[in-house]
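For the sequence shown, this note's numbering begins at -2 and goes up steadily by one.
Even glycine gets a Cβ: it sits at the ideal position worked out from N, Cα and C.
Computed from a predicted model, the values in this text were never measured in an experiment.
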Amino acid sequence: DPLFHNFKDVLLIQDAGIDEATEALICCDLSAASAQDSSLVHLRSILSDEGVEDCSDDAVLAMCTAFSGSHVRALCPVTCGCHLPTPDNFFFSPSYGCPYHCSVLADLTQEQEYLPDQSQPCRDVPEDHLAIDEWLGGGGGGQP
């Protein structure tokens, strides 16, 4: 029965450990259940707000960065930014509700940002430009 399956997915988010629940979710808003209706009912229940229509609602946005917002992040990961490689988003991990697949997207995006420009040849950094030298107070040879 598809309806039972949808509510079973929502119950997994409610009752299972958040790590377990987020492993099965895709990185897409209101995708926790096969039908968005079940996810929306659960989202409204979490927020105690029957007026919530979708993930762009102000009540959802306010919970994205809240410690207690794990279930909101699980249901609205794209709106909450779970897929973005931002170092200051402490709660944006599977342990805090973001689907595992979002963290994979964030990692890939971050790796893409640091890929070398293929038009520039690879070359070593001169010793006098090494940051460790500055930290050690040295003058170019790596010696303090």
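Identify the continuous alpha helix (DSSP H) that holds residue i and give its terminal residues.
i: A71; result: 67 to 72
i: A59; result: 55 to 60
i: D51; result: Here D51 belongs to no alpha helix (DSSP H), and DSSP marks it neither H nor E.
i: L27; result: Neither: L27 is in no alpha helix (DSSP H) and is coded neither H nor E.
i: L40; result: 33 to 44
Assuming residue i and residue j are in contact, meaning their beta carbons sit under 8 Å apart, how far apart are those beta carbons, in whole angstroms?
i: Y93; j: R70; result: 6 Å
i: F88; j: G66; result: 7 Å
i: A56; j: L44; result: 5 Å
i: D34; j: C52; result: 14 Å between Cβ atoms; not a contact.
i: P82; j: T19; result: Actually they do not touch by this definition, with Cβ atoms about 18 Å apart.
Quick one: residues in its chain with C-beta nearer than 7 Å to the C-beta of residue i, no 5 flanking neighbours on either side, listed in chain order?
i: C143; result: Look at the range of the chain in this structure, -2 to 141, and you will see that residue 143 is not part of it.
i: R120; result: none
Can you name, in chain order, every residue of its own chain whose Cβ lies under 6 Å from the Cβ of residue i, other than the five neighbours on each side?
i: D61; result: The question names Asp, but residue 61 is Cys in the sequence shown. Only C77 meet the Cβ criterion.
i: A63; result: none
i: R41; result: E47, V49
i: I15; result: S67, G94
i: T106; result: P82
To which residues of the same chain is residue i closer than 8 Å at the C-beta, ignoring the five residues directly before and after it?
i: D104; result: P82
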